[in-house]
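Down below is the structure, laid out as structure tokens.
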Amino acid sequence: MSGSISIEMRDRTLMPTTSDAETAKDSPGAAIPMRALHQVPDHLGRFGAFGGRFVPETLMDALNQLLEEYEKAKVDPDFQNKLNDYLKHYVGRPSPLYLAERLSGFAGGAEIYLKREDLNHTGAHKINNAIGQVMLARRMGKTRVIAETGAGQHGVATATACALFGLECTVYMGEEDIRRQKLNVFNMRTMGATVVPVTTGSKTLRDATNEAMRDWMGSSRETHYTIGSVVGPHPFPMIVRDFQSVIGRETRQQFLERLDRLPDMVVACVGGGSNAAGIFYPFIEDAEVELVGAEAGGRGMKAGDHASSLTQGKPGVLHGSFSYVLQNDDGQTQDVHSISAGLDYPGVGPEHSYWKDKGRVRYENITDTEALDAYHTTARREGILPALESSHALAQSFKEAGRLGPGKALVVCLSGRGDKDAYEVARLRGEPI
Amino acid sequence: MNRIDSLFSRLKNDQRRALMPFVTAGDPDLATTALLISELIQRGADLIEVGIPYSDPIADGPVIAASYHRALERGVKVAHIFQTLRTLRAEGSKELNATPLVSMVSYSIIHRLGVERYLNEAATAGLDGLIVPDLPVEESESLMNKATMRGLKLIQLITPTTPRDRAVEIARLTTGFLYYVSVAGITGERKSLPADLVDNVAWLRTQTDLPICIGFGIGSPEQVKELAPVADGLIVGSALVRRLAEAVNRPRVEVIKEIGQFIGELAGALRDAPTS
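If you read the protein sequences in the order shown, they are chains R and H. Just so we're aligned, residue 1 is where the first sequence starts under our numbering, counting upward by one. Just so we're aligned, residue 434 is where the second sequence starts under our numbering, counting upward by one.
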């Protein structure tokens, strides 16, 4: 409780510095800075200056309980074995690493590999985290689980895990997203979850997150809040990253087995940033692997037209964490826009802010149109319908492949499949289903 | 002497307890807020909590959250709120000038404006303290030091989910008064309050010399009577904000008077309630 460092003090450390990875490369004996980049967060949940806990006192006890239980589960072989068992036999892991030759030909340069998280049970990476957190909820003796969802993938994953473990499930979802993602809403309800439409504010992911937190304020004794991304107060960003890191660990191993080397680049889309954190984190100390995150560029860079928190925002506080955020100069959260409900969020996980400021990950943005083009290109050239979220990463990879040139290999986290987006894409094409 | 300290030492001498209404700044507009604050003080309010509208208030129920959104939609900014309070202090009665004003404000806003700038402008506007509902003690040391340097109190919250050893630590890191949250949950009127509330506050009383004020869920004279024996002050928020919102289409003067009457009733109930 003592010795907390002020935000202002911490802000000063945000000045551009040589990244720890670079320092370590220059001096091979420097093991300490080399470790530092992945040894976050600290005991207060800080990733450098970012992270922490900016929540009402009412939630502090639940967060402490969660942290304590997670630390125990992490070193409990029974928990880990059981989780791995579910990931293998229920989710279908490891997910394939697929060389997309026709997409590589289209992009003209580096070979494009796809890490097929879309082939997981429930069709996205979200299940990796949902199963882990619902198992934690059970360990803590909680009988009810709540979640927020944007595109509905995390809601579906949580509803799935709750059906699997026999827990009551309530999912908060913005009205606008319910409209965009009818199929997922139907499926959540089919699995026994209650889907609560959120009608406040922009009626999207940010408002759904507010409502889930409000529910938890009054229900934390019997309820676990399964946050779906690497956002929120400590320990959520760490827990979600750890559960999603299975993506990066597999990718690393698959590259070593198949090509006997690491990829030259890893590309992932970033909304809250969970699939990106999951695939990046195991490569963080591999200085030779370039890491690129693609944010939602929406209709353009005017405030309200995009959801590019890292490339357009400033450090600030939203949903319990200090991270890059899209706010006006009075601290009010700005409206955001993205064609993809899963990226339509004004904040981002604090570890991404840390990686950005350390210079370890490069963040770019992709417009709605570019994402939609990538969606169609991938459908036509590979017979794969990617989620609109993942289409942002694909669009970015097409640009990067040309830049990297032949003989190089990049991997895209294909975080989810696009079935859920068929209605919205059809509507945008003017040919409603 | 800070107005909050003066208030509670005065009340202690008189064996009285504070009635502390909450108003959302700028709902429906700042002119109404100023009139309402004056009226509340005339009707027996001892301290006013001024809610600074925030777009994503996690601790607030639908009534206060909606009032924040209404105010923001009309374009209210922190600078306008401070200007209104400054004018109120400059032109207000002697009574108004003696009444402490405390801002309820998200750390998102404080951080964006800059901690020092926020505190300087708050002090200049005549505010006496701040409650930052989304800043737990782990993150508040620096804000506390800077607030204290400017004579501002940083009021911390203790809730039904706060373990007792932590409650003692929070009391140690609080100035002005302790805000005891009556229920585990968001702001908003409740028909009944938890059975162990009185006992929990009585226990806290043995752990600290700070005034203890109870908030969340309080909106009726009966509740005021029930809690008065253990509290140094009672906070009423949603019950007041709701009355204002429901009367949006009626003449402003009439509505303000009615709310004044409501606060007058609560003040009466508090005066008549037995002391511990």
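Glycine included, C-beta positions come from ideal geometry on N, C-alpha and C.
| Query | Result |
| --- | --- |
| Proximal chain H residues relative to Thr434 (chain R), where beta-carbon distance stays under 9 Å | A question about residue 434 (chain R) goes unanswered here, because the residues of chain R that appear run from 1 up to 433. |
| Residues that Gln327 (chain R) contacts on chain H, provided the C-beta gap is smaller than 8 Å | Ser541, Arg545 |
| Reference Cys269 (chain R), options R:Gly349, R:Ile239, R:Asp207, R:Val317, closest by Cα | R:Gly349 |
| Anticipated Cβ contact below 8 Å, Leu711 (chain H) with Thr557 (chain H), distance rounded | Nothing about residue 711 (chain H) can be read from this structure; chain H reaches only from 434 to 709. |
| Sequence ranges, beta strand (DSSP E) only - wholly within the segment 515-566 of chain H, length at least 3 | 534-537, 562-564 |
| Contacting residues, own chain, Cβ-Cβ under 7 Å from Gln244 (chain R) (five flanking each side not counted) | His125, Asn128, Asn129, Ser274, Asn275, Ala277, Gly278 |
| Chain R contact for Ile470 (chain H) (CB, 9 Å cutoff) | no |
| Any C-beta of chain H under 9 Å from that of Asp421 (chain R) | no |
| Within 9 Å, strictly: CB atoms of Ile485 (chain H) and Leu529 (chain H) | no |
| Below-9 Å beta-carbon distance, Ala62 (chain R) vs any chain H residue | yes |
| Interface partners of Leu44 (chain R) on chain H, CB under 9 Å | Glu571, Glu572 |
| Where Asn129 (chain R) meets chain H, residues with beta-carbon distance less than 7 Å | Correct list: empty, because the minimum Cβ distance to chain H is about 21 Å. |
| Amino acids of chain A, ordered along the chain, whose beta-carbon sits closer than 8 Å to that of Lys510 (chain H) | Within the model displayed, chain A is absent; protein chains R and H are what it includes. |
| Proximal residues to Thr594 (chain H) (C-beta, below 7 Å), its chain only, five neighbours per side dropped | Ala617 |
| Beta-carbon proximity check, Leu637 (chain H) vs Ile651 (chain H), cutoff 9 Å | no |
| Inter-residue Cα distance where the pair is Gly152 (chain R) and Ser539 (chain H) | 29 Å |
| CB contact flag (Arg507 (chain H), Leu667 (chain H), <9 Å) | no |
| Minimum Cβ-Cβ distance from His337 (chain R) to chain H less than 9 Å | no |
| Under the three-state DSSP convention, the category Arg429 (chain R) falls into | helix |
| Own chain partners of Tyr375 (chain R) with C-beta closer than 8 Å, once the 5 adjacent residues on each side are dropped | Leu385, Pro386, Leu388, Ser391, Leu394, Gly418, Asp421, Val425 |
| Buried or exposed by the 16-neighbour rule on C-beta atoms within 10 Å, applied to Arg403 (chain R) | exposed |
| Same chain, Cβ closer than 8 Å to His121 (chain R), five either side skipped, listed in chain order | Tyr90, Val91, Gly92, Ile127, Thr160 |
| Within chain H, partners of Arg53 (chain R) - CB distance below 8 Å | Pro569, Glu571, Glu572 |
| Alpha helix (DSSP H) segment containing Glu691 (chain H), residue limits | 685-705 |
| Secondary structure, alpha helix (DSSP H): runs of 4+ residues fully inside the segment 348-403 of chain R | 350-358, 368-382 |
| Nearest-angstrom beta carbon gap, Lys510 (chain H) and Asp330 (chain R) [assumed within contact, 8 Å] | 5 Å |
| Residues that Ser220 (chain R) contacts on chain H, provided the C-beta gap is smaller than 9 Å | Thr594, Ala617 |
| Selected residue, minimal CA-CA separation from Phe50 (chain R), among R:Gly298, R:Leu259, R:Asn64, R:Gly232 | R:Gly232 |
| Residue environment, Ala24 (chain R), which counts as buried when at least 16 other CB atoms sit within 10 Å | With a pLDDT of 35 at Ala24 (chain R), under the threshold of 50, the modelled position of this residue cannot be trusted; read the value that follows with caution. Burial call: buried. |
| Min CB distance Phe322 (chain R) to chain H below 9 Å | yes |
| Within chain R, the residues that Val601 (chain H) reaches when beta carbons sit closer than 8 Å | Simply none; closest approach about 11 Å. |
| Cβ of Gln640 (chain H) within 9 Å of any chain R Cβ | no |
| Beta-carbon proximity of Cys646 (chain H) to Asp629 (chain H), cut-off 9 Å | no |
| Pairwise C-alpha distance: Phe610 (chain H) and Pro654 (chain H) | 23 Å |
| Contact list for Met217 (chain R) against chain H, beta-carbon separation under 8 Å | Ile491, Ala492, Ala617, Gly618, Ile619 |
| Bridge partners - Lys586 (chain H), DSSP secondary structure assignment | H:Gly562 |
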